[in-house]
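There are 2 protein chains.
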Amino acid sequence: MHYQLDTLEHDNLGSTVYQLLCNDLLQGRLQPGARLKIRELAEQLGTSVTPVRDAILRLVQEQALAMQSPRDIRVPYMTVERYLEIRAIRIRLEGLAAETAATKAQPADITRLEEIVARNAVAMTAQDIALGCALNQQFHFALVDIAGLPFLHGILYRIWLQMGPLIAAVYQQGGSAMLDYHYPVMAAMRQGDGAAAALAIGDDILSGGQAILLHLQARQSAG
Amino acid sequence: MHYQLDTLEHDNLGSTVYQLLCNDLLQGRLQPGARLKIRELAEQLGTSVTPVRDAILRLVQEQALAMQSPRDIRVPYMTVERYLEIRAIRIRLEGLAAETAATKAQPADITRLEEIVARNAVAMTAQDIALGCALNQQFHFALVDIAGLPFLHGILYRIWLQMGPLIAAVYQQGGSAMLDYHYPVMAAMRQGDGAAAALAIGDDILSGGQAILLHLQARQSAG
DNA sequence: AATCAAATTATGATGCATCATATTTGCTGC
DNA sequence: GCAGCAAATATGATGCATCATAATTTGATT
Chain P
1 MHYQLDTLEH DNLGSTVYQL LCNDLLQGRL QPGARLKIRE LAEQLGTSVT PVRDAILRLV
61 QEQALAMQSP RDIRVPYMTV ERYLEIRAIR IRLEGLAAET AATKAQPADI TRLEEIVARN
121 AVAMTAQDIA LGCALNQQFH FALVDIAGLP FLHGILYRIW LQMGPLIAAV YQQGGSAMLD
181 YHYPVMAAMR QGDGAAAALA IGDDILSGGQ AILLHLQARQ SAG
Chain E
1 MHYQLDTLEH DNLGSTVYQL LCNDLLQGRL QPGARLKIRE LAEQLGTSVT PVRDAILRLV
61 QEQALAMQSP RDIRVPYMTV ERYLEIRAIR IRLEGLAAET AATKAQPADI TRLEEIVARN
121 AVAMTAQDIA LGCALNQQFH FALVDIAGLP FLHGILYRIW LQMGPLIAAV YQQGGSAMLD
181 YHYPVMAAMR QGDGAAAALA IGDDILSGGQ AILLHLQARQ SAG
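Protein sequence lines, in the order shown, are assigned to chains P and E.
The first sequence begins at 1 in full-length UniProt numbering and counts up by one.
The second sequence begins at 1 in full-length UniProt numbering and counts up by one.
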């Protein structure tokens, strides 16, 4: 894994490292069980340990990373119980986002969503799983942005941070029913039907995530 | 404000300082607009700046504190827009908690809730606003715990962290309709009626929080 | 060759020195 | 007396030395 800090510019180094690690989690470059070492990362990034420690502590706090023992920082494994809880929360929160977005969407917003869906369809036929995952995520967060709920965006971002390693791990094994459930959402959005949009995004989370749940249950019963 | 670290024991100093600052926010000892200085806090606590910096960065990240300029860390003011967004999120999430809690509550759980409500009634008649706020918070989080949703607990804790300074500021001016709306929640809990519990907690958040919204609107129009 | 203990190494925690810069203070000259 | 610039101060950011301890290696003993 290679990094380069020069291009990105943020308020402070710690935030930059934080963003880098977030992207690694969301895009599956950090797999569940992977261990992170502060000094090692600092050397790779060409900084001191301080900003790296800042970033890692922030991720540990929001449980995107876990300190198994005081000296052992790892990407945590998802449990079935945790996934079910996260799923219930997502249905409520992303339902709120979809409902609000449907009632506030401008034509330009609809167009933007359609573009994401269209590009996702292309990625699926091209078997580009990584791009498909990224566009799936873009779709969900576009709804939050159209709804104009920045605080909700932050909450959901932290939730997705925990699902990132899992989703990447599952979908690299094949599943691709990620896109189908977005079409009913689009239909509801075009009609400005908030209740229908909320139901559709709930169905996406439940049905589209079925593969994830099966994967977790298989792993947990196997050990 | 005086602190003492000796009694509490955590995994590391940064977490201890974090918890102290959280309590200060939740109990209104840190008012909106208050400025925090790393060195000053470190001296008060008898530690170096490192753990204090850790704690403050964590709070800044979750927006319980805000860095207005690179050298200026303050307790942020709530805006009306932000409060309305948080309120909508709370109705969804605390509704989920109440619904789940109502279907899972054991007799001992009901008793525990009744005790909190009873002590809150005593605090109200005694005009003890601080205790009333604390018990109000305990009631809401007891629902989450009874529901057995630890991940949701973390999300809601961070949300309450942002409301803490505001609630304390409003209720110190008098309002005390904080408790009335808990009785319908209790009624639904006793009947194991999840849907009714969710509606009742939503009503508590909307109606019980009316004073907060009025306070914010008055401040925002005044400047 | 196996085992256990001592030494070494690895690693996060903590403290602190220094830097860069924003703010405040104070002096100089008009 | 006031405008404006300079020095001093304050403060978060960064780097790094050191500490405590857990993991690993090594080596002596049986």
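The beta carbon of each residue, even a glycine, is placed where N, CA and C say it ideally should be.
Per-residue contacts from residue i into chain P (C-beta, under 8 Å)
i: E:L113; result: Residues of chain P passing the Cβ test: none, with the nearest at roughly 21 Å.
i: E:L96; result: A88, I89 and R92
i: E:I205; result: Ordered by position in chain P, no residue passes the 8 Å Cβ test against E:I205, which lies about 14 Å from the chain.
i: E:I110; result: Ordered by position in chain P, no residue passes the 8 Å Cβ test against E:I110, which lies about 23 Å from the chain.
Per-residue DSSP class, three states only, for residue i
i: E:Q217; result: helix
i: P:R29; result: coil
i: P:L149; result: coil
i: P:L36; result: strand
i: P:A12; result: With the sequence shown as reference, residue 12 of chain P is identified as Asn, and Ala is not the correct amino acid for it. Coil.
i: E:T111; result: helix
i: E:D193; result: coil
i: P:Q138; result: helix
i: E:G46; result: coil
i: E:A222; result: helix
i: E:D128; result: coil
i: P:Y183; result: helix
i: P:I116; result: helix
i: E:G202; result: helix
i: P:G208; result: helix
i: E:Q19; result: helix
Amino acids of chain P, ordered along the chain, whose beta-carbon sits closer than 9 Å to that of residue i
i: E:Q61; result: S15, Y18, R58, Q61 and E62
i: E:P70; result: D11 and N12
i: E:I73; result: None at all; the shortest Cβ gap to chain P is about 13 Å.
i: E:I116; result: Those within 9 Å of E:I116 in chain P number zero; the least Cβ separation is about 24 Å.
Closest Cα partner of residue i within the set the options
i: E:R74; options: E:P150, E:Q63 and E:Y83; result: E:Q63
i: P:A188; options: P:L179, P:L41, P:I201 and P:V17; result: P:I201
i: P:P76; options: P:Y171, P:Q210 and P:Q61; result: P:Q61
i: E:H140; options: E:T47, E:E114 and E:Q44; result: E:E114
i: P:G33; options: P:Q106, P:A169 and P:A42; result: P:A169
i: E:P150; options: P:Q68, P:T79, P:G14 and P:Q27; result: P:T79
i: E:G14; options: E:L152, E:L41 and E:A198; result: E:L41
i: E:D11; options: P:A134, P:V49 and P:R71; result: P:R71
i: E:A97; options: E:L59, E:D128 and E:H153; result: E:H153
i: E:Q172; options: E:V49, E:T50 and E:G28; result: E:G28
i: E:Q68; options: E:I212, E:N136, E:K37 and E:A198; result: E:K37
i: E:G208; options: E:Y181, E:G46 and E:Q137; result: E:Y181
i: E:L25; options: E:L45, E:A118 and E:A130; result: E:A130
i: P:L166; options: P:L199, P:L214 and P:T47; result: P:L214
i: E:I146; options: E:V185, E:I110 and E:R219; result: E:I110
i: E:L216; options: E:R82, E:L45 and E:C22; result: E:R82
i: E:A66; options: E:Q138, E:M186 and E:R35; result: E:R35
i: E:A198; options: E:Q210, E:A211 and E:P184; result: E:P184
i: E:Q210; options: E:A118, E:R87 and E:A123; result: E:R87
i: P:M163; options: P:G46, P:V49 and P:E85; result: P:E85
i: P:L206; options: P:I89, P:R219, P:V122 and P:P51; result: P:I89
i: P:M186; options: P:L143, P:E43 and P:A177; result: P:L143
Within chain E, partners of residue i - CB distance below 8 Å
i: P:I212; result: Under the 8 Å cutoff, chain E gives no residues; its nearest Cβ is about 16 Å from P:I212.
i: P:R39; result: The contacting residues do not exist; P:R39 stays about 16 Å from chain E at best.
i: P:L199; result: Near P:L199 there are no residues of chain E at all, since even the closest Cβ is about 14 Å away, more than 8 Å.
i: P:I129; result: In chain order: nothing, as chain E lies at least about 27 Å away.
Under 7 Å by beta carbon: chain E residues contacting residue i
i: P:D54; result: L57
i: P:E85; result: L149, F151 and L152
Amino acids of chain E, ordered along the chain, whose beta-carbon sits closer than 9 Å to that of residue i
i: P:L161; result: Going along chain E, no residue has its Cβ under 9 Å from P:L161, so there is no contact; the nearest lies around 12 Å.
i: P:I146; result: The contacting residues do not exist; P:I146 stays about 14 Å from chain E at best.
Contact set between residue i and chain P, taken where Cβ atoms lie within less than 7 Å
i: E:R35; result: Those do not exist, as E:R35 stays about 18 Å from chain P at its closest Cβ, beyond 7 Å.
i: E:R82; result: F151
Residue i Cβ short of 7 Å to the ligand NAP heavy atom set
i: P:E40; result: By its list of ligands, the structure shown contains no ligand whatsoever, and the ligand NAP lies outside what it can speak to.
If you scan the segment 49-109 of chain P from start to end, which runs of the beta strand (DSSP E) of 3 or more residues do you find wholly inside it? Here the runs fully enclosed are 66-69 and 72-74.
Is there contact between the segment 92-104 of chain P and the segment 148-160 of chain P, where contact requires at least three CB pairs shorter than 8 Å? Output reads yes: the segment 148-160 of chain P touches the segment 92-104 of chain P.
Enumerated in chain order, which unbroken segments of the beta strand (DSSP E) with a length of 3 residues or greater are wholly contained in the segment 153-177 of chain P? Listed in chain order, the beta strand (DSSP E) runs fully inside the segment 153-177 of chain P amount to none, counting runs of at least 3 residues.
With a threshold of 8 Å, are at least 3 pairs of Cβ atoms found where one atom belongs to the segment 49-61 of chain E and the other to the segment 15-24 of chain E? They touch, by the three-pair rule.
Would you check if there are 3 or more beta carbon pairs closer than 8 Å linking the segment 190-197 of chain E to the segment 97-111 of chain E? Using a C-beta cut-off of 8 Å, the segment 190-197 of chain E makes contact with the segment 97-111 of chain E, since at least three inter-stretch Cβ pairs fall below that distance.
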